[in-house]
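S.K.: Chains as they are written, first to last, in UniProt numbering: chain A, 1 to 311; chain B, 1 to 412; chain C, 1 to 294. Before I ask anything, let me first share the structure, which is written out below as structure tokens.
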């Protein structure tokens, strides 16, 4: 990028010796200390606790006996768990890519200096504010063949119109994706819009001078600049995928049959409803391992190895 | 000036201590999950009675049994328990008992002659190693069939008495353009329907062997297969929109006459009452099966162990209130269940409750609800199998039975 | 202020392109509004009408009873004051939780993005992984930790929990936003001798408006809608509004008043909705450029 004329607030200049540089960095280390403590005690502590419990026979209350891998072999023989894994993969891919595409389109279109920007933005965001317990009922009704869309279109004079995904074991997971998009695309839009609005004004002027069409600017110049925000959105959406629970409970309760079961629901059901802490924590451990093995290489390559952004 | 300040601080502190002491004598924090309109009215009966007896009822309602139980267990384990907390009759609180976290209520049970006035299997369900640890407050029948009387009259058929009959009658209802069976297509209700068929067609012994003893031989018996096949045929009796539906919406279908029958626990009455219908007039209730056997469960309260004398006295008072005949009658009228005390005069209750009372009176008709005889874990595993069978039309009875025996092996 | 203007192409007369923009936005809006439509019409119908199952139809008998009931008289156990009971509790939890978690996230993101601290990136890596664990797994051990320290069941406790669980996403959000800012700014400030805090407050924070808005949207929504943490850690005196909402809409065996459920849900979402709408004012372009040019 071209050099930007910079005027920063006047701060007393000082000599940068090695020692003073370290002393300058000290506040940064202090600032990170509380987080480090939390990570150590809460996150790592709870992760270890979870993993430990998965090797026990705990039921309602945690106990610290040792049964080896018994819970894991039970888990992998459980067809509901296997279905859950398959579903989360389908949901994850469609939901994340769908949210990113739809979110980016919405952000770009809203960025066209449209009238009623505030209204559009709120309309796309509001689903994110609503508790799924009840919006799930609204979706369930709308998708129900006897009540919603199918009935509506048939009443309009198309008696053969069929839209029965939610009651069809092969298609039900896609209705969860639709409701998920409805819920999550607005947030993706907000994050990308924040990124768009952080893009340097001069860049637009330069592009205009060069006569590059707007869409090309968005795709070839702006999108690469938005990379950090796209990553942020992807990570947030991915955590949503891993934790996917409310949506399924509100819309299908895992049905028809076990067609829309997901891992987080498996964990919840076993931790609380079925008094089977051991199997629940074993599932949580598997989820953790899956997340770590997918993300760790990326986190390592991107964040751990390169120290900061400075050469 | 300074002295005055200090004195007033002391008096304030003293007043605070003494008032909180006085409160502690009668203050009871009650954790429960009765939050819908009907349920709220029901729990109010206990609260009012307790207030009348000089206590202060601090209500802590958390909807959803799972949420409320988790909150209760967390607080008991965290050392900050409520005065009493709700569970379902059955095995949910087993471990709290063996960890010594619940108060032993044997003295109250003996003094109140629970064994004489309550159904045996309910008392057994709150007893661990000879001692009572929970107070049952009601009996819910779980295998009732609600039907729309007008729909049956219009079709010119009688409500079915047995399950094979139900299948035949349904054909006639279908011809009339009525949905024979309204079902809330969620795993719990699919399991509830299965249990109704199991006890109604298979009989109480088979029910206990399969669900209680996890007897694989029973699961491979011809009788069980018959049950499974009948249940399988019932898949064709529901409408296309059944999967995922709330039971309330299923009941609405019967209320509005779009469907003929709905299997559910007696709590479903609440939905009919809210729609202004009367038992025995617009809707009827019956138990399907050669002899009507009622699957019974219900709610209990447990009392976290404490050494605090004042809390113990409060708990004693609560036990009294819960089992007082008058509050039993009023509470259960509102809750849709029947009193756990069989010696209460129920002539003022509705037709369905009277029917239920009459059935339960004979111990031979009492069948334990699944949660009384099966661990939450096995119940869940059965539910997973049942919901797959119900929702997969081409799954054979044998394939399902295979899943059941696998669940039995795994849950041991 | 020129910098606050949305960017680029000036609004033109209705060209085919502009029409396309509006067609796309309006049809997307219709998709997004569909469930809201169902909820609004349902909340305005009496139950007898809802039982008939015409979910998309306008109410024949318009009634606002469900709304007033949801707000102030629906029973949730013994209390019959609707969801209004927990409103102030939710506000009391929300404000400190949002402020502290955003401050923590901004400082972390800044320290991670511009400063070199040994082990900081490992810290961030672990924190990021922590964001993927289902919350439910933390509940039991956290209850034990908090009851040992004696703050279990208090306002402090629930605020602390929200700040702790906000850390991963907040840190990520700010770190990645700062990663997109021109590094030259920071270097110049360093050369001018700026220290950790002075650069943060004088250079970085003024450039953070859009991301602060996103962070606020995220946290206000997450914390306002939280149910499980509030239930577990807030204590009976501080139970948030979602507990009442849940009590109204969620019942296994009870009869259901869908109109009240829908009204309660929309009422409970009002605070985040207002924040979304108001936040637009700060959703402006060119902050970075504006700050740089001073």
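Note that beta-carbon positions come from the ideal geometry of N, C-alpha and C, so glycine has one too.
For residue 85 (chain B), which beta-bridge partners are listed by DSSP?
M.R.: The residue given as residue 85 (chain B) occupies position 85 in the second chain. In the DSSP output, where bridge partners are listed per residue, residue 85 (chain B) has B:31 and B:302.
S.K.: Taking just the CA atoms, how far does residue 88 (chain A) sit from residue 164 (chain B)?
M.R.: Counted from its first residue, the second chain places residue 164 (chain B) at position 164. Counted from its first residue, the first chain places residue 88 (chain A) at position 88. So the two alpha carbons sit approximately 41 angstroms from each other.
S.K.: Drop a sphere of 10 angstroms on the beta-carbon of residue 160 (chain C), count the other beta-carbons inside from all chains shown, and report buried for 16 or more, exposed for fewer.
M.R.: Residue mapping note: residue 160 (chain C) aligns to position 160 of the third chain, counting from 1. That one is buried.
S.K.: List the DSSP bridge partners of residue 430 (chain B).
M.R.: Beyond the ends of chain B as shown, which are 1 and 412, falls residue 430 (chain B); an answer cannot be given.
S.K.: At least one CB of chain C closer than 8 angstroms to the CB of residue 257 (chain B): is that the case?
M.R.: Here residue 257 (chain B) refers to the residue found at position 257 when the second chain is read from its first residue. No - not a single Cβ of chain C is within 8 angstroms of the one on residue 257 (chain B).
S.K.: Kindly indicate which three-state DSSP category residue 133 (chain C) falls into: helix, strand or coil?
M.R.: Working through the third chain from its first residue, we reach residue 133 (chain C) at position 133. Three-state DSSP puts residue 133 (chain C) in coil, outside helix and strand.
S.K.: Is it right to say residue 160 (chain A) is buried, meaning 16 or more other beta carbons lie within 10 angstroms of its own, or is it exposed?
M.R.: For the purposes of this step, residue 160 (chain A) is taken as residue 160 along the first chain, with counting starting at 1. Exposed, because fewer than 16 other Cβ atoms sit within 10 Å of the Cβ of residue 160 (chain A).
S.K.: List, in order along the chain, the chain C residues whose C-beta lies closer than 7 angstroms to that of residue 44 (chain B)?
M.R.: Numbered from its first residue, the second chain carries residue 44 (chain B) at position 44. Residues of chain C passing the Cβ test: 78.
S.K.: Give a yes or no on whether the minimum CB-CB distance between residue 250 (chain C) and chain A is below 8 angstroms.
M.R.: Along the third chain, one-based indexing puts residue 250 (chain C) at 250. True, the Cβ-Cβ gap to chain A drops below 8 angstroms.
S.K.: Please report whether the beta-carbon of residue 160 (chain A) lies at a distance below 8 angstroms from any beta-carbon of chain B.
M.R.: Start at 1 with the first residue of the first chain, and residue 160 (chain A) comes out as number 160. Output row for residue 160 (chain A): interface = no.
S.K.: If you measure from the beta carbon of residue 243 (chain C) to each beta carbon in chain B, is any gap under 8 angstroms?
M.R.: Numbered from 1 along the third chain, position 243 holds the residue referred to as residue 243 (chain C). Residue 243 (chain C) counts as touching chain B.
S.K.: Which residues in chain B sit within 7 angstroms of residue 267 (chain C), going by Cβ to Cβ distance?
M.R.: For the purposes of this step, residue 267 (chain C) is taken as residue 267 along the third chain, with counting starting at 1. Result: empty, since nearest Cβ-Cβ is about 17 angstroms, beyond 7 angstroms.
S.K.: Could you tell me the boundaries of the alpha helix (DSSP H) in which residue 276 (chain C) lies?
M.R.: Here residue 276 (chain C) refers to the residue found at position 276 of the third chain. Taken as a continuous stretch (DSSP letters only), the alpha helix (DSSP H) holding residue 276 (chain C) covers 270 to 279.
S.K.: Identify whether residue 284 (chain B) lies in helix, strand or coil by the three-state DSSP scheme.
M.R.: On the second chain, position 284 is the one that residue 284 (chain B) refers to. Of the three classes helix, strand and coil, the one that applies to residue 284 (chain B) here is strand, per DSSP.
S.K.: Measuring straight from C-alpha to C-alpha, what distance separates residue 152 (chain A) and residue 167 (chain C)?
M.R.: Taking the first residue of the first chain as position 1, residue 152 (chain A) is located at position 152. Taking the first residue of the third chain as position 1, residue 167 (chain C) is located at position 167. Going by the C-alpha atoms only, they are around 46 angstroms apart.
S.K.: If you run the structure through DSSP and keep just helix, strand and coil, what is residue 366 (chain B)?
M.R.: Indexing the second chain from 1 puts residue 366 (chain B) at position 366. Strand, per DSSP.
S.K.: Exposed or buried, what is residue 30 (chain B) when buried is set at 16 or more other beta-carbons lying within 10 Å of its beta-carbon?
M.R.: Residue numbering aside, residue 30 (chain B) sits at position 30 when the second chain is read from its first letter. Burial call: buried.
S.K.: How big is the Cα-Cα spacing for residue 408 (chain B) and residue 371 (chain B)?
M.R.: Within the second chain, numbered from 1, the residue matching residue 408 (chain B) stands at position 408. Within the second chain, numbered from 1, the residue matching residue 371 (chain B) stands at position 371. Between residue 408 (chain B) and residue 371 (chain B), the C-alpha separation is close to 15 angstroms.
S.K.: Taking 8 angstroms as the CB-CB limit, is residue 61 (chain A) close to chain B?
M.R.: Stepping through the first chain from its first residue, residue 61 (chain A) is reached at position 61. For residue 61 (chain A), the answer is yes, since a Cβ of chain B falls inside 8 angstroms of its Cβ.
S.K.: Could you tell me whether the Cβ of residue 235 (chain C) comes closer than 8 angstroms to any Cβ of chain A?
M.R.: Locating residue 235 (chain C) in the third chain gives position 235, counting from the first residue. Taking Cβ atoms only, chain A never reaches closer than 8 angstroms to residue 235 (chain C), which makes this a no.
S.K.: In the region 62 to 109 of chain B, which residue ranges form an unbroken alpha helix (DSSP H) of at least 4 residues, counting only runs that do not cross its ends?
M.R.: Listed in chain order, the complete alpha helix (DSSP H) runs (minimum 4 residues) inside the region 62 to 109 of chain B are 65 to 77 and 94 to 98.
S.K.: Would you say residue 228 (chain B) lies against chain A (beta-carbon separation less than 8 angstroms)?
M.R.: Reading the second chain from its first residue, position 228 is the one you call residue 228 (chain B). Answer no: the Cβ-Cβ gap between residue 228 (chain B) and chain A never drops below 8 angstroms.
S.K.: Can you find a CB in chain C that lies within less than 8 angstroms of the CB of residue 62 (chain B)?
M.R.: Mapped onto the second chain, residue 62 (chain B) falls at position 62. Yes - at least one Cβ of chain C is within 8 angstroms of the one on residue 62 (chain B).
S.K.: I need the DSSP call for residue 257 (chain C), collapsed to helix, strand or coil.
M.R.: Your numbering for residue 257 (chain C) matches position 257 in the third chain. Reduced to three states, the DSSP call for residue 257 (chain C) is coil.
S.K.: In angstroms, rounded to a whole number, what distance separates the CA positions of residue 265 (chain B) and residue 151 (chain C)?
M.R.: Position 265 of the second chain holds residue 265 (chain B). Position 151 of the third chain holds residue 151 (chain C). Going by the C-alpha atoms only, they are around 42 angstroms apart.
S.K.: Kindly list the residues whose CB is nearer than 8 angstroms to the CB of residue 185 (chain A), restricted to its own chain and excluding five residues on each side of it in sequence; keep chain order.
M.R.: The count along the first chain starts at 1 and reaches residue 185 (chain A) at position 185. Taken in chain order, the residues that qualify are 98, 99, 102, 103, 106 and 124.
S.K.: I'd like to check one pair, residue 258 (chain A) with residue 388 (chain B): are the Cβ atoms closer than 8 angstroms?
M.R.: The sequence position of residue 388 (chain B) within the second chain is 388, counting from 1. The sequence position of residue 258 (chain A) within the first chain is 258, counting from 1. Closer than 8 angstroms, so yes.
S.K.: Is the number of C-beta pairs between the region 147 to 155 of chain B and the region 373 to 383 of chain B that are closer than 8 angstroms three or more?
M.R.: The region 147 to 155 of chain B vs the region 373 to 383 of chain B: no contact.
S.K.: Just checking: is the beta-carbon of residue 80 (chain B) within a distance shorter than 8 angstroms of some beta-carbon in chain C?
M.R.: By 1-based counting over the second chain, the position of residue 80 (chain B) is 80. Yes, contact with chain C.
S.K.: Buried or exposed: which applies to residue 207 (chain C), given that a residue is buried once 16 or more other Cβ atoms fall within 10 Å of its Cβ?
M.R.: For the purposes of this step, residue 207 (chain C) is taken as the residue at position 207 of the third chain. Label assigned to residue 207 (chain C): buried.
S.K.: Return helix, strand or coil for residue 275 (chain B), following the three-state DSSP convention.
M.R.: Here residue 275 (chain B) refers to the residue found at position 275 when the second chain is read from its first residue. In this structure, residue 275 (chain B) counts as coil in the three-state DSSP scheme.
S.K.: Run through DSSP, which three-state label would residue 213 (chain B) get?
M.R.: As a first step, residue 213 (chain B) is located in the second chain; it is residue number 213 there, counting from the start. Residue 213 (chain B): coil per DSSP, three-state reduction.
S.K.: Quick one: is residue 259 (chain C) near chain B, going by C-beta distance under 8 angstroms?
M.R.: As a working mapping, residue 259 (chain C) is identified with position 259 in the third chain. Not one chain B Cβ lies under 8 angstroms of residue 259 (chain C).
S.K.: Thinking just about the alpha-carbon of each residue, which of B:279, B:193, B:83 and B:296 is nearest to the one in residue 309 (chain B)?
M.R.: Along the second chain, one-based indexing puts residue 309 (chain B) at 309. Comparing Cα-Cα distances from residue 309 (chain B) to each of B:279, B:193, B:83 and B:296, the minimum goes to B:83.
S.K.: Taking a cut of 8 angstroms between CB atoms, which residues from the region 234 to 265 of chain A lie near chain B?
M.R.: From the region 234 to 265 of chain A, only 251, 252, 253, 254, 255, 256, 257, 258 and 259 have a Cβ closer than 8 angstroms to chain B.
S.K.: Just mark residue 60 (chain C) as buried or exposed, buried being the case when its beta carbon has 16 or more other beta carbons within 10 Å.
M.R.: One-based indexing of the third chain puts residue 60 (chain C) at position 60. Classification for residue 60 (chain C): exposed.
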